[in-house]
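A.B. asks: First to last, the sequence lines map onto chains A and B.
Note that our numbering has the first sequence beginning at 2, numbered continuously upward.
Note that our numbering has the second sequence beginning at 2, numbered continuously upward.
Heads up, the beta-carbon is just placed ideally off N, CA and C, and yes, glycines get one too.
Being a predicted model, the structure only gives us computed values, none of them experimental.
The following block contains the structure, expressed as structure tokens.
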Amino acid sequence: MSEEYKSQRRRYWAIFAVSLVIALAAASTFVAAERMKRDAGAVDPLIAILLAAVFVIGTVIANWIYLRSSDELVRANNYAAAFWGMAFLLIAYPAWLILWMGQLVPEPNARDLYLMTGIAATVGYVWNRFR
Amino acid sequence: LKVLRAERDWSQAELGGRLGVSRQAVNAIETGKYDPSLPLAFKIARLFELRIEDVFADE
Numbered sequence: 002m003s004e005e006y007k008s009q010r011r012r013y014w015a016i017f018a019v020s021l022v023i024a025l026a027a028a029s030t031f032v033a034a035e036r037m038k039r040d041a042g043a044v045d046p047l048i049a050i051l052l053a054a055v056f057v058i059g060t061v062i063a064n065w066i067y068l069r070s071s072d073e074l075v076r077a078n079n080y081a082a083a084f085w086g087m088a089f090l091l092i093a094y095p096a097w098l099i100l101w102m103g104q105l106v107p108e109p110n111a112r113d114l115y116l117m118t119g120i121a122a123t124v125g126y127v128w129n130r131f132r
Numbered sequence: 002l003k004v005l006r007a008e009r010d011w012s013q014a015e016l017g018g019r020l021g022v023s024r025q026a027v028n029a030i031e032t033g034k035y036d037p038s039l040p041l042a043f044k045i046a047r048l049f050e051l052r053i054e055d056v057f058a059d060e
């Protein structure tokens, strides 16, 4: 096995671990904020800026390195997952909006849509990865 | 690809290492779940000193 490949694998797992930590931190913050209070003011503004910056910068950098150090199969699976998420959002939001206009459901909620989009993307990834 | 690999007594991981892709990628190509990109297909053909059409058949 080539050194280049071994180093690529090491980098892959390091990025995976970092991404997992960021995802867990984001999920914990989200859940904590939900439990404390659903509305604005749940987190101190300075801490909010810090958390948002860590999340955005960390996620962008980790994803960039992850995709750079991944092989084309992993990239293809991730592109498919992104497509599933995007397709879900583009279909689900207008459908929800129309149903809301007909006073059949509550008003579309960004957080719920975000969560469901994430689930759709995950399902897309798992489907492509393990089918 | 599986036959060519077996002729050289390489594992999927070993072939992946030579190609710079994961064992999972080699497995997905061998089982027909994934079509490699043109650059990877050329790399595979070069590795086995064959032409692309000798490795991959048009189905």
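Taking only three categories from DSSP, how would you classify residue 67 (chain A)?
C.D. replies: In this structure, residue 67 (chain A) counts as helix in the three-state DSSP scheme.
A.B. asks: Got a sec: which bits of the stretch 77-95 of chain A sit with their beta carbon under 8 angstroms from any beta carbon on chain B, in order along the chain?
C.D. replies: Hits within the stretch, in order: 77.
A.B. asks: Compare the beta carbon distance of residue 41 (chain B) and residue 73 (chain A) with 8 angstroms and say whether it is the shorter of the two.
C.D. replies: Contact flag set, yes.
A.B. asks: Does the structure place the stretch 83-100 of chain A close enough to the stretch 120-128 of chain A that three or more beta carbon pairs sit under 8 angstroms?
C.D. replies: These segments touch.
A.B. asks: Find the residues of chain A that neighbour residue 29 (chain B), judging by a C-beta separation of less than 8 angstroms, and give them in chain order.
C.D. replies: Per Cβ cutoff of 8 angstroms: 74.
A.B. asks: Inspect the CB distances between the stretch 22-32 of chain B and the stretch 59-79 of chain A and report whether three or more fall short of 8 angstroms.
C.D. replies: Because the criterion of three Cβ pairs below 8 angstroms is met, the stretch 22-32 of chain B and the stretch 59-79 of chain A touch.
A.B. asks: Count the other C-beta atoms from every protein chain shown that fall within 10 angstroms of the C-beta of residue 110 (chain A), then say buried if there are 16 or more, exposed otherwise.
C.D. replies: Per the 10 Å Cβ criterion, exposed.
A.B. asks: To be precise: take each residue of the stretch 34-58 of chain B, compare its Cβ to all Cβ atoms of chain A, and keep it if any distance is under 9 angstroms. Which residues remain?
C.D. replies: Correct list: 34, 35, 37, 38, 40, 41.
A.B. asks: Within 10 angstroms of its Cβ, does residue 6 (chain B) collect 16 or more other Cβ (buried), or is it exposed?
C.D. replies: Per the 10 Å Cβ criterion, buried.
A.B. asks: Grab me the residues of residue 36 (chain B)'s own chain with a C-beta within less than 6 angstroms of its C-beta, minus the 5 sequence neighbours each way, in chain order.
C.D. replies: Closer than 6 angstroms at the Cβ level, and outside the excluded window around residue 36 (chain B), lies no residue.
A.B. asks: Please tell me whether residue 4 (chain B) and residue 13 (chain B) are closer than 8 angstroms, where the distance is taken between their beta carbons.
C.D. replies: No, Cβ-Cβ distance for residue 4 (chain B) and residue 13 (chain B) is not below 8 angstroms.
A.B. asks: Could you give the distance in angstroms between the alpha-carbon of residue 9 (chain B) and the alpha-carbon of residue 15 (chain B)?
C.D. replies: Computed Cα separation, rounded: 11 angstroms.
A.B. asks: Against chain A, does residue 13 (chain B) count as a neighbour if the rule is that its beta carbon must be under 8 angstroms from one of theirs?
C.D. replies: No, its Cβ sits nowhere closer than 8 angstroms to a Cβ of chain A.
A.B. asks: Run the CB neighbour count on residue 45 (chain B), radius 10 Å, all protein chains shown included, and call it buried at 16 or more, exposed below.
C.D. replies: Buried.
A.B. asks: Could you confirm whether any beta carbon from chain A is found closer than 8 angstroms to the beta carbon of residue 4 (chain B)?
C.D. replies: By this cut-off, residue 4 (chain B) is not an interface position.
A.B. asks: Closest to residue 112 (chain A) by CA distance: which of A:127, A:94, A:52 is it?
C.D. replies: The residue with the shortest Cα to Cα distance from residue 112 (chain A) is A:94.
A.B. asks: Around the C-beta of residue 85 (chain A), are 16 or more other C-beta atoms found within 10 angstroms, so that it is buried, or is it exposed?
C.D. replies: With 16 or more other Cβ atoms within 10 Å, it is buried.
A.B. asks: Within 8 angstroms (strictly less), CB to CB, does residue 26 (chain B) reach chain A?
C.D. replies: Taking Cβ atoms only, chain A reaches closer than 8 angstroms to residue 26 (chain B), which makes this a yes.
A.B. asks: Going by C-alpha distance, which of B:34, B:53, B:52, B:59 is nearest residue 128 (chain A)?
C.D. replies: Checking every option, the nearest Cα to that of residue 128 (chain A) belongs to B:34.
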